[in-house]
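Numbering (the UniProt record's numbering), first residue to last: 1 to 140.
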């Protein structure tokens, strides 16, 4: 697919309880959102289509249109021996696995039961309805 337009935006991702899950303002680096390359859902792209430099736009997306639904096939049960011996494994710890092409795939430890470790490879916001608060810095 071809990128038809890109936006540089400062973005807050807000959960239903009003807490901020992520913010580009903390790092001072705006996110680049590419319209037309298939990385964003059609519902997300529709929210961006008419935005211009300087615009502020807030919108809420259901899980399926934001980070997707939680996929039970992305939950893995692993033996403790698959992790470094000195690694602290407890609920909430993020572990990284080697993905295709040298990429990294983060996983969240969901349960530790003896030598059985449950790791969730879904996006941390999968299955969640979220609100995006965008400030368009630049249109590319």
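Ideal Cβ placement from N, Cα and C applies to all residues, glycine included.
These figures come from a predicted structure and were not determined experimentally.
Ignore the nearest five residues each way along the sequence and tell me which others in residue i's own chain have a CB closer than 6 Å to its CB.
i	result
residue 47	59
residue 99	105
residue 133	12 and 58
residue 93	109
residue 140	6
residue 45	35
residue 131	14 and 60
Does the distance from the C-beta atom of residue i to that of residue j stay below 8 Å?
i	j	result
residue 138	residue 16	no
residue 34	residue 6	yes
residue 125	residue 31	no
residue 127	residue 26	no
residue 85	residue 65	no
Of all the options the options, which has the alpha carbon lying nearest to the alpha carbon of residue i?
i	options	result
residue 157	84, 33, 95 and 99	This structure does not reach residue 157, given that the chain is present from 1 up to 140, and the question cannot be answered.
residue 83	26, 107 and 122	107
residue 77	2, 118 and 38	118
Please classify residue i: does DSSP put it in a helix, a strand, or coil?
i	result
residue 102	helix
residue 125	coil
residue 120	strand
residue 115	coil
residue 92	coil
residue 140	coil
residue 131	strand
Excluding the 5 residues preceding and the 5 following residue i in the sequence, name in chain order all residues of the same chain whose CB lies nearer than 7 Å to its CB.
i	result
residue 74	120, 121 and 122
residue 102	none
If you scan the UniProt domain "PPIase FKBP-type" (4–89) from start to end, which runs of the beta strand (DSSP E) of 3 or more residues do you find wholly inside it? 5–15, 20–23, 31–35, 56–61 and 75–79
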